[in-house]
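Read in numbering that gives the first Met the number 0, the first sequence has 96 at position 97, and its numbers run on one by one without any break.
Glycine included, every Cβ here is placed at the ideal spot set by N, Cα and C.
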Amino acid sequence: MTTFRAPKGTEDILPPDSDWWRRAYRVFDDLCEQFGYGMTLLPLFEDTDVFARGVGGDTEVVEKQMYTFTDKGGRSVTLRPEATASMVRALIQSGGVQTRFKGAFWGPMFRYERPQKGRNRQFYQGDIEYIGTSSPEADVEVIEFGWRYLQRMGLTDVELRLNSIGDAEDRADYRREIQAFLHERFDALSPDAQRRIDSNPMRVLDSKADRDVVADAPVPVDHLGEEAGEHFADVRTGLDNLDIPYVIDARLVRGLDYYNRTVWEYVPRTYDAAQSSVGGGGRYDGLFEILGGKPTPGVGLALGIDRIGLALGAHEATPALDGFIIAARDGDRSAARKLTSELRSAGLRVDMTDRPRPVKAQFKEADRSGAAAAIVVGEEWDAGMVSVKQLETGEQQEVAVEEIEAWLRS
RNA sequence: GUGGCCGUAGCUCAGCUCGGUGAGAGCGCCUGGUUGUGGUCCAGGAGGUCGCGGGUUCGAAUCCCGUCGGCCACCCCA
Numbered sequence: 000m001t002t003f004r005a006p007k008g009t010e011d012i013l014p015p016d017s018d019w020w021r022r023a024y025r026v027f028d029d030l031c032e033q034f035g036y037g038m039t040l041l042p043l044f045e046d047t048d049v050f051a052r053g054v055g056g057d058t059e060v061v062e063k064q065m066y067t068f069t070d071k072g073g074r075s076v077t078l079r080p081e082a083t084a085s086m087v088r089a090l091i092q093s094g095g096v097q098t099r100f101k102g103a104f105w106g107p108m109f110r111y112e113r114p115q116k117g118r119n120r121q122f123y124q125g126d127i128e129y130i131g132t133s134s135p136e137a138d139v140e141v142i143e144f145g146w147r148y149l150q151r152m153g154l155t156d157v158e159l160r161l162n163s164i165g166d167a168e169d170r171a172d173y174r175r176e177i178q179a180f181l182h183e184r185f186d187a188l189s190p191d192a193q194r195r196i197d198s199n200p201m202r203v204l205d206s207k208a209d210r211d212v213v214a215d216a217p218v219p220v221d222h223l224g225e226e227a228g229e230h231f232a233d234v235r236t237g238l239d240n241l242d243i244p245y246v247i248d249a250r251l252v253r254g255l256d257y258y259n260r261t262v263w264e265y266v267p268r269t270y271d272a273a274q275s276s277v278g279g280g281g282r283y284d285g286l287f288e289i290l291g292g293k294p295t296p297g298v299g300l301a302l303g304i305d306r307i308g309l310a311l312g313a314h315e316a317t318p319a320l321d322g323f324i325i326a327a328r329d330g331d332r333s334a335a336r337k338l339t340s341e342l343r344s345a346g347l348r349v350d351m352t353d354r355p356r357p358v359k360a361q362f363k364e365a366d367r368s369g370a371a372a373a374i375v376v377g378e379e380w381d382a383g384m385v386s387v388k389q390l391e392t393g394e395q396q397e398v399a400v401e402e403i404e405a406w407l408r409s
């Protein structure tokens, strides 16, 4: 027996479940227009090195979650695990960013992991990037964007966790300090943490397995240089100014190596799952150089759409048609079909059954479709009339054919 | 990659411990309850290789082994 199913870690999203996704995208798109972020369409896969170098060789994402293939030309390509490196590559390719660039993007990402709640191998992100400015106002705007998005989607009880991990230069001293701290407690550390002392000690702060050990470890936010410190203060002032609440999480470091200074995450308080973060972002002033471009600062965020949906719980389907056309007699079907066509051309949302069925069954379909009204084409059609019934109230009346459109709109 | 739980109608599941009367329920779906009226009610109906393979047995959805798949957690992150 060869029955196929969606590959492990992927999901088919069909109506009516996809109604929510349509809304999720529309809200995102509206917000992008309001904030002035242009749309970008990027490849689903890139040269493997874009991510290996961009994201960082010592991250989990690159170490073991890459969907990497060799194509027929012998090139190593990787299904994108995240958007920022890809976006930066595209901007470098197009000649770099002269003044500033605000780009948005929506689509699937791929990470090879063992699936669980809120973690699929193919998952969806909405992303915005504000590039070409090191102003803290940009950080604030991007953080605000994510906050507004969650609010509009109905996730109102969200904790915004904020931190600054400083600049690369600031981290030299800090690095020695945390390494010393970790070496003293070497035996208590998890194998992963032990391995990272030399390669990327800051990441240990983020490790659940080592939570107790690092509870009183030195944190980057206490080792900010003058500029990074001012920047962070300005970001906080900016958020206060917009009345966006946040908490400082000194051990928040994020999983991608390109971040510097500001990093943040959105965590719904009402959502209990291991994968609780529904979005996050950070500043990445060094990424352009890593990928071979001119030094260009940038800040961006990713929203985990799947997780936002999970955090919201069951959402009511809202199919909603303006009208459902019913052909009373089989001979009325062509007239009904024509009317359906005309009303659709006029911009209304209408549907009808796929074949002759008892009127009762057609009404049942009309009801299930979520239509506001049922429009009966039958004997009255011969006199230029149709019967229209408001399905919620049950009220019914006859209306002249040429007035249906106006009636449906009222 | 490691661990736990689970795979029976389209969906949610009961039955499995103590193998054996014709494989079930609810929801959904279809038809009907008189001429062209839904969401309630009533009646009838369609729909199942009991994940797959092997073993034990006179006999297995029920016991054993294997395998595939799903969910959740660890890890990590969106």
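Item                                                                                                                          : Value
Runs of alpha helix (DSSP H) wholly within the region 69–97 (minimum 4 residues, chain order)                                 : 83–92
Tyr-148: first and last residue of the uninterrupted alpha helix (DSSP H) it sits in                                          : 135–152
First through last residue of the beta strand (DSSP E) which encompasses Pro-190                                              : Careful: Pro-190 lies outside any beta strand (DSSP E), inside the alpha helix (DSSP H) at 190–198.
First through last residue of the alpha helix (DSSP H) which encompasses Leu-30                                               : 16–34
In chain order, each beta strand (DSSP E) run of at least 3 residues that lies wholly inside the region 33–67                 : 44–46
Burial state of Gln-389 (16 or more Cβ within 10 Å)                                                                           : exposed
Minimum C-alpha distance to Gly-330 - residue among Trp-380, Tyr-270 and Ser-368                                              : Trp-380
Contact under 8 Å by Cβ, Phe-180 with Pro-219                                                                                 : no
Rounded separation between Tyr-421 and Asp-169 - CA only                                                                      : This structure gives no information on residue 421, because the portion of the chain shown stretches from 0 to 409.
Coarse secondary structure for Thr-1, derived from DSSP in three states                                                       : Legend: pLDDT at Thr-1 = 49, less than 50; position of this residue unreliable, value from coordinates given subsequently. Of the three classes helix, strand and coil, the one that applies to Thr-1 here is coil, per DSSP.
C-alpha gap between Gln-396 and Gly-312, whole angstroms                                                                      : 40 Å
Per-residue DSSP class, three states only, for Gln-361                                                                        : helix
With 16 other Cβ atoms within 10 Å as the buried cut-off, status of Gln-361                                                   : buried
Per DSSP, the bridge partner or partners of Leu-300                                                                           : Ile-127 and Gly-280
Residue ranges of each alpha helix (DSSP H) within the region 323–399, 4 or longer                                            : 332–344 and 358–368
CA-to-CA distance, Leu-13 to Met-0, given in whole angstroms                                                                  : Low confidence applies here, because Met-0 scores a pLDDT of 39, under 50, leaving its location unreliable and the question unanswered by this model.
Per DSSP, the bridge partner or partners of Ala-103                                                                           : Met-38 and Ile-127
Cβ-based neighbour list, Gly-342, same chain, cut-off 6 Å, excluding 5 preceding and 5 following                              : Looking at the sequence itself, residue 342 is Leu, so the reference to Gly does not match. Same-chain partners within the cutoff: Val-349.
Close beta carbons around Arg-151, own chain, < 8 Å, minus the five adjacent residues each side                               : Val-26 and Leu-30
Residue closest to Leu-159, alpha-carbon to alpha-carbon, out of Gly-165, Tyr-148, Ala-167 and Asp-166                        : Tyr-148
Buried/exposed call for His-230, threshold 16 Cβ in 10 Å                                                                      : buried
Supposed close pair Leu-300, Phe-109 - CB separation, criterion 8 Å                                                           : Wrong, their Cβ atoms sit about 19 Å apart, outside the cutoff.
Arg-253, buried or exposed, once every other Cβ within 10 Å from all chains shown has been counted against 16                 : buried
Proximity winner among Asp-197, Ala-192 and Gly-55, relative to Gly-174 (alpha-carbon distances)                              : Note on residue identity: the sequence assigns Arg, not Gly, to residue 174. Considering only alpha carbons, the answer is Asp-197.
Range covered by the beta strand (DSSP E) that runs through Tyr-173                                                           : Looking at the DSSP string, Tyr-173 is not in any beta strand (DSSP E); the run it does join, the alpha helix (DSSP H), is 169–183.
Extent of the continuous alpha helix (DSSP H) to which Arg-235 belongs                                                        : 225–240
Residues bridged to Phe-122 (per DSSP)                                                                                        : Met-108
Cβ neighbour criterion (16 or more within 10 Å) applied to Val-246                                                            : exposed
Of the residues Arg-210, Lys-293 and Ala-372, the one placed nearest Ile-130, counting alpha carbons only                     : Lys-293
Asp-248 and Asn-162 closer than 8 Å at C-beta                                                                                 : yes
When Ala-365, Pro-357 and Leu-43 are compared against Asp-321, the one with the closest alpha-carbon                          : Ala-365
Beta-carbon proximity list for Gln-121, same chain, < 6 Å, skipping 5 on both sides                                           : Thr-9, Pro-107 and Phe-109
Beta strand (DSSP E) segment containing Leu-407, residue limits                                                               : Where Leu-407 is concerned, there is no enclosing beta strand (DSSP E), although the alpha helix (DSSP H) it sits in stretches over 403–408.
Chain-order list of residues whose beta-carbon lies under 8 Å from that of Leu-241 (same chain, five-residue window excluded) : Val-139 and Glu-143
Residue burial classification, Ser-85 (beta-carbon count within 10 angstroms, cutoff 16)                                      : buried
Closest residue to Phe-50 among Ala-373, Ile-289, Ala-167 and Asp-233 (Cα-Cα distance)                                        : Ile-289
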